Amino acid sequence: MYNSKIIGLGKYLPENIVTNDDLSRMMDTSDEWIQERTGIKERRWIKEGTDDSSAVMGAKAAEIAIERSGLTKDDIDFIVFATLSPDMYFPGCGVQIQDMLDMRTVGALDVRNQCSGFVYGISVADQFIKTGMYKNILVIGAEFHSGGLEKSTRGRGVTVIFGDGAGAAVLTREEDKTKGILSTHLHSEGKHAKELVVEGPSIMHWVPEILEANDPDDVSYYPYMNGTFVFKHAVVRFSEAIMEGLKTNNLNKEDIDMLIPHQANLRISQFIQKKFGLSDDQVFNNIQRYGNTTAASIPIALTEAWEQGKIKEGDKVVLVAFGSGFTWGSVIINW
Ligand code: ACO
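Residues 43 to 377 (my numbering) are what the sequence shown spells out, left to right.
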C-alpha cells in the first residue's frame with residue numbers, strides 16, 4: 043500500500059467578469075444584498091460565443107497542472123472529472139479530456155457529486171494510487187453554471203451565487219506513509235436530494251415533455267435551492283467532516299495550517315473559521331471574486347493558495363466540502 047500526494051495544480055477562469063451591479067440590471071437584487079448574505083463581489087461567466095465549456099476549461103486547468111507536476115500527459119494513468127454541468131448528457135467530460143489532451147487510452151471516470159465532487163474525486167484517485175493500480179492520476183473539477191441559470195428575479199436566490207471555472211490536480215504515488223493524503227472521508231444523505239436540485243432534463247423529466255408543455259411556470263430545469271436549509275446543514279456537516287479527519291489522524295484543530303473550504307458562501311467559511319479558532323491566514327477564501335464554482339471551487343482555491351506561497355511542505359492542509367445530494371466529505375493532507 044502507498045500514499046498519494048498532489049504534485050501539480052492548475053486553474054482556469056473565463057475572462058468575462060460579472061459584477062453584482064451587472065446582475066442588478068438583470069434582476070431585482072443589489073450589490074449590498076449579495077455581499078451581505080454571501081460575500082460575493084463578482085464571478086466569472088462564460089461569454090456567449092466563446093468556446094469555453096466545462097470540458098474545455100477543465101482541459102486548460104489540467105494542462106497547467108500536468109506541466110507544473112513535471113510529468114507529461116503520457117505519464118497520466120487515469121482521469122477523474124467532477125462536474126454537475128457536463129457538456130453533454132452523456133458521455134461525460136472525462137473522455138473529452140482524454141481526447142482534448144491527446145492522452146493515451148487511459149480510463150476516464152466522471153464524478154457527479156456537485157460541491158463535494160472534487161473531494162470525492164481526490165478520494166477515488168487516492169484509493170487507486172494506494173493499491174498500486176495507478177501511479178499518476180489527473181483530477182479535475184469544472185463547472186459551466188451560467189448557461190443553466192435563470193437570469194431573472196425568479197431565479198435570483200440561486201443565480202447570484204454561482205460562477206464558472208475549473209481547477210485540476212495531479213496526484214502521484216508517495217512511498218512515505220506519513221506524507222501526502224492522510225485520509226479521506228465521504229458521506230451522503232439522499233433524503234435531502236430535492237433541497238438543492240435540477241430535476242430536468244432527465245430520464246424522469248425528459249426534454250420533449252418540457253418543450254411540449256411549454257409551461258412558463260415550469261422551473262424544474264433551473265436549479266432550485268432551499269438556501270436556509272442548505273446553510274444550516276452545511277455548517278454542521280463541514281464541522282463534522284473536519285473533526286472526523288482530524289480524529290482519524292490523531293490531530294487537533296490547532297494542527298491545521300490551512301483550511302480550504304468549498305466556497306459555498308463566505309458566511310459558512312467564517313462560521314467554520316470561528317468554530318475551529320483559525321486565523322484569517324489559516325483559511326483560504328476566494329468566493330469574493332469567483333462566486334460558488336461547485337466542483338471547481340476547492341481546486342481553484344487550492345491552486346491560488348499554493349501560487350501565493352500559503353502552502354508549504356509539511357503543512358497540514360484540510361479540504362472540506364458540502365453540497366447537493368446532500369453529500370459532504372474531507373481530505374487531510376500532510377503537504
Ligand atoms: N437579491 C435580493 N433579494 C433576494 C435575493 C437576491 N439575489 N435572493 C433572495 N432574496 C430575498 C428572498 O426572496 C427573501 O425575501 P422575503 O423575505 O421577502 O421572502 C429574502 O431575500 C431572504 O431570503 P433567504 O433565502 O431567506 O436568504 P438567506 O439569508 O438564507 O440567504 C442564501 C440566501 C445566500 C442562498 C443562503 O441561504 C445560502 O448561502 N445558503 C447556502 C448555499 C450553499 O451553501 N449551497 C451549497 C452548495 S451549492 C451546491 O452544492 C450546488
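C-beta atoms are modelled at their ideal positions from N, C-alpha and C, and glycine is treated no differently. Since the structure is predicted, the reported quantities are computational estimates derived from the model, not experimental observations.
Q: Spatial neighbours of residue 265 within its chain, please: CB distance less than 6 Å, with the 5 preceding and 5 following residues excluded, ordered by chain position.
A: Within the sequence shown, the letter at position 223 stands for residue 265. Closer than 6 Å at the Cβ level, and outside the excluded window around residue 265, lie 200, 240.
Please state if the CB of residue 161 and the CB of residue 321 are separated by a distance shorter than 8 Å. Here residue 321 refers to the residue found at position 279 when the sequence shown is read from its first residue. Here residue 161 refers to the residue found at position 119 when the sequence shown is read from its first residue. In this structure, residue 161 does not lie closer than 8 Å to residue 321 by Cβ.
Given the structure, does residue 272 come close to the ligand ACO, in the sense that its CB is under 7 Å from one of the ligand's heavy atoms? Here residue 272 refers to the residue found at position 230 of the sequence shown. True, at least one ligand heavy atom lies under 7 Å from that Cβ.
- Does DSSP put residue 118 in a helix, in a strand, or in coil? Locating residue 118 in the sequence shown gives position 76, counting from the first residue. Three-state DSSP puts residue 118 in coil, outside helix and strand.
Next on the checklist: Buried or exposed for residue 258, going by 16 or more other Cβ atoms inside 10 Å?
Outcome noted: Against the sequence shown, residue 258 aligns to sequence position 216. Exposed, since its Cβ has fewer than 16 Cβ neighbours within 10 Å.
| Nearest-angstrom Cβ-Cβ length linking residue 56 and residue 99, presumed shorter than 8 Å | Here the question's residue 56 lines up with position 14 in the sequence shown. Here the question's residue 99 lines up with position 57 in the sequence shown. Yes, they are in contact, since the Cβ atoms of residue 56 and residue 99 sit about 7 Å apart, within 8 Å.
- [ ] Measuring alpha carbon to alpha carbon, tell me which of 121, 125, 156 ends up nearest residue 382.
- [x] What the structure shows of the chain is the stretch from 43 to 377, and residue 382 is not part of that stretch, so it cannot be assessed.
| said: Rounded to whole angstroms, what is the Cα-Cα separation between residue 279 and residue 231? | reply: By one-based count along the sequence shown, residue 279 stands at place 237. By one-based count along the sequence shown, residue 231 stands at place 189. If I take the Cα positions, the gap works out to 11 Å.
### Query
Which residue comes first and which comes last in the beta strand (DSSP E) that contains residue 86?
Your numbering for residue 86 matches position 44 in the sequence shown. 84-86 is the span of the beta strand (DSSP E), which, as asked, contains residue 86.
* To do: Grab the span of the alpha helix (DSSP H) containing residue 162 for me, first residue to last.
  => Within the sequence shown, the letter at position 120 stands for residue 162. Judged by DSSP secondary structure, residue 162 falls within the alpha helix (DSSP H) whose first and last residues are 159-172.
(Q) When you measure from the CB of residue 310 to every non-hydrogen atom of the ligand ACO, does any distance come out below 7 Å? (A) One-based indexing of the sequence shown puts residue 310 at position 268. Indeed, a heavy atom of the ligand ACO lies less than 7 Å from the Cβ.
Given a cut-off of 8 Å on the beta-carbon distance, is the pair residue 186 and residue 96 in contact?
For this step, residue 186 is matched to residue 144 along the sequence shown. For this step, residue 96 is matched to residue 54 along the sequence shown. Against a cut-off of 8 Å, the Cβ pair of residue 96 and residue 186 comes out as a contact.
Original post:
Do residue 51 and residue 344 have their C-beta atoms within less than 8 Å of each other?
Top reply: Translated into the one-based positions of the sequence shown, residue 51 becomes position 9. Translated into the one-based positions of the sequence shown, residue 344 becomes position 302. Contact: yes.
(message) Taking the alpha helix (DSSP H) that residue 62 belongs to, which residues open and close that run?
(response) In the sequence shown, counting from the first residue as 1, residue 62 sits at position 20. Counting along the chain, the alpha helix (DSSP H) containing residue 62 begins and ends at 62-66.
Problem - residue 313, enclosing alpha helix (DSSP H) - first and last residue - result: For the purposes of this step, residue 313 is taken as residue 271 along the sequence shown, with counting starting at 1. From DSSP, the alpha helix (DSSP H) with residue 313 extends over 308-317.
May I ask you to report which of helix, strand or coil DSSP gives residue 46? As a working mapping, residue 46 is identified with position 4 in the sequence shown. In the displayed model, residue 46 falls within a strand according to three-state DSSP.
_Beta bridge counterpart(s) of residue 225 as assigned by DSSP_ = Taking the sequence shown and counting its residues from 1, one reaches residue 225 at position 183. Note: residue 225 sits in a beta bridge opposite 374.
TODO: May I ask you to check if the CB of residue 199 is nearer than 7 Å to at least one heavy atom of the ligand ACO?
DONE: Here residue 199 refers to the residue found at position 157 of the sequence shown. Checking the Cβ of residue 199 against the ligand ACO gives yes.
Worksheet entry | Anticipated Cβ contact below 8 Å, residue 387 with residue 370, distance rounded | Shown here, the chain extends from 43 to 377; a query on residue 387 therefore has no answer.
Based on the DSSP secondary-structure assignment, which residues constitute the bridge partners of residue 54?
-> Reading the sequence shown from its first residue, position 12 is the one you call residue 54. DSSP, once it has assigned bridges, lists 208 as partnering residue 54.
What ranges does the alpha helix (DSSP H) occupy inside the stretch 242-303, keeping only unbroken runs of at least 4 residues that lie completely in it? Here the runs fully enclosed are 249-255, 269-290.
Using the C-alpha atoms, what's the distance from residue 216 back to residue 178? Against the sequence shown, residue 178 aligns to sequence position 136. Against the sequence shown, residue 216 aligns to sequence position 174. Taking the straight line joining both Cα atoms gives about 10 Å.
Here's the rule I'm using: 16 or more other beta-carbon atoms within 10 Å means buried, otherwise exposed. How should residue 147 be labelled? For this step, residue 147 is matched to residue 105 along the sequence shown. Classification for residue 147: exposed.
DSSP beta-bridge partners of residue 369: Position 327 of the sequence shown, counting from 1, holds the residue named residue 369. Residue 369 is bridged to 230, 365.
- Span of the alpha helix (DSSP H), counted from its first residue to its last, around residue 181: What you label residue 181 is simply residue 139 of the sequence shown in a count that begins at 1. Run containing residue 181: none in the alpha helix (DSSP H); it sits in the beta strand (DSSP E), 179-185.
Residue span of the beta strand (DSSP E) that contains residue 70, given as start and end: Numbered from its first residue, the sequence shown carries residue 70 at position 28. Neither: residue 70 is in no beta strand (DSSP E) and is coded neither H nor E.
*So, residue 304 versus residue 208, is the Cβ gap smaller than 8 Å?*
Looking up residue 304 in the sequence shown gives position 262. Looking up residue 208 in the sequence shown gives position 166. Cβ atoms of residue 304 and residue 208: not closer than 8 Å.
_Please determine whether the Cβ atom of residue 76 lies at a distance below 7 Å from any heavy atom of the ligand ACO._
Numbered from 1 along the sequence shown, position 34 holds the residue referred to as residue 76. Yes, since a heavy atom of the ligand ACO falls inside the 7 Å radius drawn around the Cβ of residue 76.
Using the beta-carbon count (16 or more within 10 Å), is residue 294 buried or exposed?
Position 252 of the sequence shown, counting from 1, holds the residue named residue 294. By the neighbour-count rule (16 or more Cβ atoms within 10 Å), residue 294 is not buried but exposed.
Legend entry - For residue 146, the three-state DSSP class (helix, strand or coil): Here the question's residue 146 lines up with position 104 in the sequence shown. Note: residue 146 maps to coil in three-state DSSP.
Report the CB separation of residue 302 from residue 326 in whole angstroms; it is logged as a contact under 8 Å. Stepping through the sequence shown from its first residue, residue 302 is reached at position 260. Stepping through the sequence shown from its first residue, residue 326 is reached at position 284. Going by Cβ atoms, the distance from residue 302 to residue 326 rounds to 5 Å, so yes, they are a contact pair.
Here's the rule I'm using: 16 or more other beta-carbon atoms within 10 Å means buried, otherwise exposed. How should residue 337 be labelled?
Here residue 337 refers to the residue found at position 295 when the sequence shown is read from its first residue. By the 10 Å Cβ count, residue 337 comes out buried.
query = If we call anything under 8 Å between Cβ atoms a contact, is residue 273 one with residue 310?
reply = For the purposes of this step, residue 273 is identified with residue 231 of the sequence shown, where counting begins at 1. For the purposes of this step, residue 310 is identified with residue 268 of the sequence shown, where counting begins at 1. Closer than 8 Å, so yes.
* To do: Kindly indicate the opening and closing residues of the alpha helix (DSSP H) around residue 344.
  => Taking the sequence shown and counting its residues from 1, the one referred to as residue 344 is at position 302. Counting along the chain, the alpha helix (DSSP H) containing residue 344 begins and ends at 339-349.
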